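These protein sequence lines are chains A and B, in that order. Residue 152 in the numbering used here sits at position 152 of the first sequence; the count goes up by one each step and never skips. Start counting at 1 in the second sequence, then tack on 250, and there's your number in the numbering used here. Think of the CB as a built atom: it goes at the ideal place given N, C-alpha and C, for glycine as much as any other residue. As the structure is a prediction and not an experimental result, all values here were calculated from the model. Worksheet: one structure, shown below.
2 protein chains.
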Amino acid sequence: MSLDIAEGFAEELLGVETDSGLKETLKRVCGRLGFDHFALTFETRTGADTSPEVLLHDYPAEWAKVYITFDLAGKDPVRRACDKSLTGFTWESIDRLVPMTRGDRQMLAVGRECGIGDGYTVPRHLPGLARGSCTFAVRPGGSLPTRWLAVAELVGALALGCAARTSGILRLASNARLSDRQRECLLWTARGKTASETAIILGISEETVVQHLKMARERYGVHCRQSLILSALFDGLIGFGDVIRWPERS
Amino acid sequence: MSLDIAEGFAEELLGVETDSGLKETLKRVCGRLGFDHFALTFETRTGADTSPEVLLHDYPAEWAKVYITFDLAGKDPVRRACDKSLTGFTWESIDRLVPMTRGDRQMLAVGRECGIGDGYTVPRHLPGLARGSCTFAVRPGGSLPTRWLAVAELVGALALGCAARTSGILRLASNARLSDRQRECLLWTARGKTASETAIILGISEETVVQHLKMARERYGVHCRQSLILSALFDGLIGFGDVIRWPERS
DNA sequence: AGCGAAATACCAAGAACTGGGGATACTTGA
DNA sequence: TCAAGTATCCCCAGTTCTTGGTATTTCGCT
Numbered sequence: 001m002s003l004d005i006a007e008g009f010a011e012e013l014l015g016v017e018t019d020s021g022l023k024e025t026l027k028r029v030c031g032r033l034g035f036d037h038f039a040l041t042f043e044t045r046t047g048a049d050t051s052p053e054v055l056l057h058d059y060p061a062e063w064a065k066v067y068i069t070f071d072l073a074g075k076d077p078v079r080r081a082c083d084k085s086l087t088g089f090t091w092e093s094i095d096r097l098v099p100m101t102r103g104d105r106q107m108l109a110v111g112r113e114c115g116i117g118d119g120y121t122v123p124r125h126l127p128g129l130a131r132g133s134c135t136f137a138v139r140p141g142g143s144l145p146t147r148w149l150a151v152a153e154l155v156g157a158l159a160l161g162c163a164a165r166t167s168g169i170l171r172l173a174s175n176a177r178l179s180d181r182q183r184e185c186l187l188w189t190a191r192g193k194t195a196s197e198t199a200i201i202l203g204i205s206e207e208t209v210v211q212h213l214k215m216a217r218e219r220y221g222v223h224c225r226q227s228l229i230l231s232a233l234f235d236g237l238i239g240f241g242d243v244i245r246w247p248e249r250s
Numbered sequence: 251m252s253l254d255i256a257e258g259f260a261e262e263l264l265g266v267e268t269d270s271g272l273k274e275t276l277k278r279v280c281g282r283l284g285f286d287h288f289a290l291t292f293e294t295r296t297g298a299d300t301s302p303e304v305l306l307h308d309y310p311a312e313w314a315k316v317y318i319t320f321d322l323a324g325k326d327p328v329r330r331a332c333d334k335s336l337t338g339f340t341w342e343s344i345d346r347l348v349p350m351t352r353g354d355r356q357m358l359a360v361g362r363e364c365g366i367g368d369g370y371t372v373p374r375h376l377p378g379l380a381r382g383s384c385t386f387a388v389r390p391g392g393s394l395p396t397r398w399l400a401v402a403e404l405v406g407a408l409a410l411g412c413a414a415r416t417s418g419i420l421r422l423a424s425n426a427r428l429s430d431r432q433r434e435c436l437l438w439t440a441r442g443k444t445a446s447e448t449a450i451i452l453g454i455s456e457e458t459v460v461q462h463l464k465m466a467r468e469r470y471g472v473h474c475r476q477s478l479i480l481s482a483l484f485d486g487l488i489g490f491g492d493v494i495r496w497p498e499r500s
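Rendered as structure tokens:
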């Protein structure tokens, strides 16, 4: 197995900061590696609304239409399997990751009728909120280029990283919406401290801490701490690394 | 740039199902690619309860000791940067991902004194807030083999996937830690509902909701709602998409 | 110099949460 | 069959939060 073929792609994707060309690059990978189609997605919700926020693909229009109109995202075994692996997997090996139901098999069969045969999907999770995937697929009857799955793995990883950068889905921490002091109070609150404990830590009075949290809640339009913290986490104002692994008050 | 050198590693790691040899493989990668050290970690839990971490490394004992005794994990800019990228990054480019403080630079300086110079870290997130990373580092004064960072990216990805498989870490992301009812109460609490509101939604008494949340806090060993919610989020018991942007009580 | 935003501090009432107790009924696995 | 766990309900004392105010100082900006 030679990885030479990934040379250009890797170099291109590792540094790229705009999404112009990402689609073309993925298209070229398909051709060079012996795949027929690709699809790159990000979705930020796990609940009912499953519409992806980022979506690049060159699937047959029919399949895309069927997938959307019948809301197959909620039934897609590939999507379920993404939660159970950190690396790419072929669709025919999905049942080693998640149990396959009859409906799952039927869905893949419909896909074949629409021009999508087997595929190799690289899953990727974002901190806490979202997941993405990059898939390379072949036509029905075609076989996956097993010699180059490692290349697909690498290209998929870099493409997802590139898409994450350009889409801003991993927002940089910005204090835009809260003042420093508010953010500080919020941070210690998120670490499980009470207002009085936070006051001691920051060397200010408890009432001031309460006031800062009050203002912060007002800015986000929420009424309780839990929503405030989740909003700030979502906005990247506080990071997961800032709040996990903190000893609680004893 | 040739990726040939990754040939054996990729083949080895893509299929491996046991963790025997993973450490040796990573060691060999270091030698072949021109790195001096590696470290592969998974962080799986938040809060007071100390759950197993996966940790494979060949760092100098002194650095490991310093890192642990001074609890540098909480201050490590590399860890913070992992939240802001889906692909690997060199330590010297961290400030493009997260702002670097004087303390951060000082920490890296201490690392250099303990035998760790520059490094390339591949971050990886698990469903929920758990995360892992695979780092390849060079001695102080040494320079990263930039020609082979793509190989490091691939090997890091495969090694993390391998470690995830063998450690069973992805199986943990389930409802294992909380009962269904507890999780349900927690979910509505995370959406900003009070106990009495949650009681109405679920059709049970407020005291029962309080009790469920009490038991949930007990399991996680935390004393307040915010920590409970973050813990559940970290474990993937509730997803960000499930709780964010949910209409609050009016 | 004046303005607005931020940070600081305080008060008070009521709602909500936390940490102790109990209790009953049902399911599940040893 | 018994023990453990789950789900449901209840009580209570004390603490913490939330919400509504007011007010002073500092700082940057125009």
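Within 7 Å (strictly less), CB to CB, does S343 (chain B) reach chain A?
The count along the second sequence starts at 1 and reaches residue 343 (chain B) at position 93. Not one chain A Cβ lies under 7 Å of S343 (chain B).
Whose C-beta lies closer than 8 Å to the C-beta of L108 (chain A) among residues of the same chain, with five residues either side of it excluded?
As a first step, residue 108 (chain A) must be located in the first sequence, where it is residue number 108. Result list for L108 (chain A): P77, W91, in chain order.
Taking the straight line between their C-alpha atoms, what separation do you get for V405 (chain B) and F285 (chain B)?
For the purposes of this step, residue 405 (chain B) is identified with residue 155 of the second sequence, where counting begins at 1. For the purposes of this step, residue 285 (chain B) is identified with residue 35 of the second sequence, where counting begins at 1. Between V405 (chain B) and F285 (chain B), the C-alpha separation is close to 13 Å.
For S301 (chain B), would you say it is in contact with chain A, using Cβ-to-Cβ distances shorter than 7 Å as the test?
Within the second sequence, numbered from 1, the residue matching residue 301 (chain B) stands at position 51. Note on S301 (chain B): pLDDT 41, under 50, position unreliable in the model; no value is reported.
Can you confirm whether I479 (chain B), when its beta carbon is compared against all beta carbons of chain A, has any partner nearer than 7 Å?
Your numbering for residue 479 (chain B) matches position 229 in the second sequence. Answer yes: the Cβ-Cβ gap between I479 (chain B) and chain A drops below 7 Å somewhere.
Could you name the residues of the same chain whose beta carbon sits closer than 6 Å to that of I366 (chain B), not counting the 5 residues immediately before and after it, in chain order?
Residue 366 (chain B) sits at position 116 when you count from the first residue of the second sequence. Hits under 6 Å: W313, A387.
Considering Cα atoms alone, identify which of B:D485, B:L306, B:E403, B:D321 is closest to A413 (chain B).
Residue 413 (chain B) sits at position 163 when you count from the first residue of the second sequence. Of the listed residues, the one whose Cα sits closest to A413 (chain B) is B:L306.
With H, G and I counted as helix, E and B as strand and the rest as coil, what does DSSP make of V122 (chain A)?
Taking the first sequence and counting its residues from 1, the one referred to as residue 122 (chain A) is at position 122. In the structure shown, V122 (chain A) sits in a strand (DSSP, three-state: E or B).
Based on Cα-Cα distance, which residue from B:A449, B:C435, B:T444 lies nearest to M465 (chain B)?
Residue numbering aside, residue 465 (chain B) sits at position 215 when the second sequence is read from its first letter. That would be B:C435, whose Cα lies nearest to the Cα of M465 (chain B).
Check for me: the alpha helix (DSSP H) holding S196 (chain A) runs from which residue to which?
If you number the first sequence from 1, residue 196 (chain A) lands on position 196. 195-202 is the span of the alpha helix (DSSP H), which, as asked, contains S196 (chain A).
So is R475 (chain B) in contact with chain A if we call contact Cβ pairs under 7 Å?
For the purposes of this step, residue 475 (chain B) is taken as residue 225 along the second sequence, with counting starting at 1. Yes, R475 (chain B) lies at the interface with chain A (some Cβ there is under 7 Å from its Cβ).
Alpha carbon to alpha carbon, how far is L213 (chain A) from Q182 (chain A)?
Stepping through the first sequence from its first residue, residue 213 (chain A) is reached at position 213. Stepping through the first sequence from its first residue, residue 182 (chain A) is reached at position 182. When rounded, the distance between both Cα atoms is 6 Å.
Counting only C-beta atoms, is T87 (chain A) closer than 7 Å to chain B at any point?
Indexing the first sequence from 1 puts residue 87 (chain A) at position 87. Chain B, which has a Cβ nearer than 7 Å to the Cβ of T87 (chain A), makes this yes.
Under 7 Å between beta-carbons, which chain A residues line up against H375 (chain B)? List them in chain order, please.
Working through the second sequence from its first residue, we reach residue 375 (chain B) at position 125. Here the neighbours are H125, L126, P127.
Can you list, in chain order, the residues of its chain whose CB lies under 6 Å from that of E456 (chain B), leaving out five sequence neighbours each side?
For the purposes of this step, residue 456 (chain B) is taken as residue 206 along the second sequence, with counting starting at 1. Closer than 6 Å at the Cβ level, and outside the excluded window around E456 (chain B), lie A445, S446, A449.
Name, please, each residue of chain A whose Cβ falls closer than 7 Å to the Cβ of V493 (chain B).
Counting from one through the second sequence, the residue named residue 493 (chain B) turns up at place 243. Correct list: L230.
Measure the beta-carbon distance from D333 (chain B) to F240 (chain A) and round it to whole angstroms, keeping in mind my assumption that it falls under 8 Å.
For the purposes of this step, residue 333 (chain B) is identified with residue 83 of the second sequence, where counting begins at 1. For the purposes of this step, residue 240 (chain A) is identified with residue 240 of the first sequence, where counting begins at 1. Their Cβ separation, rounded to whole angstroms, is 6 Å, which keeps D333 (chain B) and F240 (chain A) in contact under 8 Å.
Can you grab the Cα-Cα spacing for the pair C114 (chain A) / P123 (chain A), in whole Å?
Counting from one through the first sequence, the residue named residue 114 (chain A) turns up at place 114. Counting from one through the first sequence, the residue named residue 123 (chain A) turns up at place 123. Spanning the two alpha carbons is a distance of roughly 23 Å.
Out of B:D345, B:Y470, B:H375, B:A482, which one is the CA nearest neighbour of C384 (chain B)?
As a working note, residue 384 (chain B) is residue 134 in the second sequence. C384 (chain B) has its Cα closest to that of B:H375, out of B:D345, B:Y470, B:H375, B:A482.
Return no unless some Cβ of chain B is closer than 7 Å to the Cβ of L144 (chain A).
The residue labelled residue 144 (chain A) in the question sits at position 144 within the first sequence. No, no contact with chain B.
When the cut-off is 7 Å and only beta carbons count, does A216 (chain A) lie next to chain B?
The residue labelled residue 216 (chain A) in the question sits at position 216 within the first sequence. A216 (chain A) does not count as touching chain B.
Would you mind reading off the limits of the beta strand (DSSP E) that contains H37 (chain A)?
Within the first sequence, the letter at position 37 stands for residue 37 (chain A). Where H37 (chain A) is concerned, the enclosing beta strand (DSSP E) stretches over 37-43.
So within the segment 337-411 of chain B, which uninterrupted alpha helix (DSSP H) runs reach at least 4 residues, ignoring any that extend past its ends?
With a minimum length of 4 residues, the continuous alpha helix (DSSP H) runs that stay inside the segment 337-411 of chain B are 352-363.
Measure the C-alpha to C-alpha separation of L394 (chain B) and P377 (chain B) and round it to an integer number of angstroms.
Your numbering for residue 394 (chain B) matches position 144 in the second sequence. Your numbering for residue 377 (chain B) matches position 127 in the second sequence. Rounded to whole angstroms, L394 (chain B) to P377 (chain B) spans 31 Å at the Cα level.
Using the rule of at least 16 other Cβ atoms within 10 Å of the residue's Cβ for burial, across every protein chain shown, is Q106 (chain A) buried or exposed?
The residue labelled residue 106 (chain A) in the question sits at position 106 within the first sequence. Flag for Q106 (chain A) reads exposed.
Around the C-beta of E24 (chain A), are 16 or more other C-beta atoms found within 10 angstroms, so that it is buried, or is it exposed?
Sequence index remark: in the first sequence, residue 24 (chain A) carries index 24 (1-based). Exposed: under 16 other Cβ atoms inside 10 Å.
Does chain B have any CB closer than 7 Å to the CB of G156 (chain A)?
Position 156 of the first sequence holds residue 156 (chain A). Closer than 7 Å: no.
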